[in-house]
Structure formats: structure tokens, C-alpha cells
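Reading through the C-alpha cells given below for one structure.
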Amino acid sequence: SEKKRKYMHLTCLLNILNIPSSWAIDVPSSVKGLLGSCVVIPCSYNYPNAKVQTFTGIWTNDGNQVIYHPTESKMLEQYRRRTKLLGDISKSNCSLMIENLQQNDGGPFHFRIELGGYNSFSYLNKKVSISMIREPNAIDFSAHEDIKEGQPVSASCSVFHSCPTYPPAFHWSHSGEQHFQAQKLHDGQWKATSILMFRSNRTDHNKLLQCRVTYHGGKHQETSKTLKVKCKCHGQTNFPKNLER
């Protein structure tokens, strides 16, 4: 009917008018990145409802030079084989990983989506920069140094990073049961924690308990504490002098 046709025409017109408001993106304005390592820029985007068959996600710098494109030949040479889209671009995931982070990778960068046979949009209003750090942040190391022989010991080693695809690797100087925890923070930051659990014995006395952290790309750092073990010996509060090392 004529009434139905006019209603459908009006609905279609309203949808067209609403299109600009449905182009949206969620990306931090700045992400910290460790030089020589990798960084992930978390990103999710929205586009107007449409029957889209193909999605092409592109990242460019301020000079509109391409730092990521699924067709590598369209990218700046210095970014080839260093950038990668993570997740599913057709499901609104535009997260970008940059490997072997270099001083001139600071940006700012912005995302562009090309919807095959439908439309394209550059999210110029939401740009992201990378704040470079030359060395990793200090390790947060927690362990009881004064312990009793046979007592369960728990030690934890935590660091901040911005590459969840390749999180830091932890190595302990003492054997034991290890647990890894990953905590998502904000602006692309993550907290990685390794927890070591073991039962102390007299051979641990005056030994260093060391935690070593290696980041993707090879940078590493370490920290340690000296264990002091009180023995179960009768009438003694610690080991005899000849047992101390």
C-alpha cells in the first residue's frame, strides 16, 4: 500500500541520517611500549548495520602512510613483517600489534575500515600514540625472607607490560610449584605475575631467591632476596655457625 511504502521510505531515510553516529571506535590515546619488544594497541570499532561481505582493516600514520594493510606491498617498508591485526576484523576487533618496537614508531596512528561494496571510514578523531620506554619497569618482588625450616613459602614476582600476545617469561632460581596470572589494566597495560610455592629446608639458609624476567625481544631484568631459615633444632633459634654459608 502507499502508506506502507511511505513508511519504509521514511525508515530508510532515518537510517541514512543516523549513519554518522554509528561510526565509533574505542582506542586509548596513548600506550606505553618497550623499545625492542612488542606492543598491542587495543582497539574495537563500530560501523552502520549493513550486509558487508568483506572487511579491510588499515592502520596509517599522520601522513596517511600505511603501517598495516593485509596486502603487505601497500605498507611502508619499515613496517612490513612487524605489524599484525589481532582478532577478527569482521567482529569489530581492530587491535594492532607492532613487533621490534623502534624509536620512530611513536605515531600518532589511526584506524581505517573499508567495508567491501558498501563504505569506508577513517577514525581520524581517535588517534593513538606510543610512549617509548627504554628499559622495563622495576620488578615488584614479594617474599618472606625470615622463614622456619619446613614452612611453606610463597613468593611473587610482578611486572607491567603492553604485549599480551607475548607476555614476559619468568624464571626462578628455586624449584617449586609455579602459577602465572595475567591482569588487564587500562590503556593497553597488563600486569603479569608469577607465584612460586615451595617448602623450605635447611639448605635454603643464606641462599638467594632470584626472579628473572625476560621480555619478548630479549630484554631482561632480575631481582633477589636472601633467605634466612630458622631450624627446628632443640635449644637453637638458628643454624650453628659451622652450618652457615
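Using mature numbering (1 follows the signal peptide of the UniProt record, and there is no 0), the letters of the sequence shown map in sequence onto residues -24 to -1, 1 to 221.
C-beta atoms are modelled at their ideal positions from N, C-alpha and C, and glycine is treated no differently.
The DSSP-derived three-state label of residue 57 is coil.
Residues 32, 96 of the same chain have their beta carbon placed closer than 6 Å to that of residue 90, with the five preceding and five following residues left out of the count. The continuous beta strand (DSSP E) containing residue 122 extends over residues 122 to 124. For the pair residue 113 and residue 146, the Cα-to-Cα distance works out to about 15 Å. For residue 92, the closest alpha carbon among the candidates 103, 138, 29, 66 is that of 29. DSSP places residue 128 inside the beta strand (DSSP E), whose first and last residues are 128 to 137. Within the stretch 166 to 213, the complete beta strand (DSSP E) segments of 3 residues or longer fall at 166 to 175, 184 to 190, 196 to 202, 204 to 206, listed in chain order.
If you draw a straight line from the Cα of residue 195 to the Cα of residue -3, it comes to about 42 Å.
Of the residues assessed, residue 158 falls on the exposed side of the cut-off, its CB having fewer than 16 other CB atoms within 10 angstroms. The three-state secondary structure of residue 41, taken from DSSP, is coil. Three or more beta-carbon pairs separated by less than 8 Å are not found between the stretch 105 to 123 and the stretch 45 to 60, which leaves the two stretches without contact.
Where residue 22 is concerned, the enclosing beta strand (DSSP E) starts and stops at 20 to 22. A contact is defined here as three or more CB-CB pairs under 8 Å, and the stretch 182 to 193 meets this definition with respect to the stretch 11 to 29.
Under DSSP, residue 3 takes part in no beta bridge, so it has no partner.
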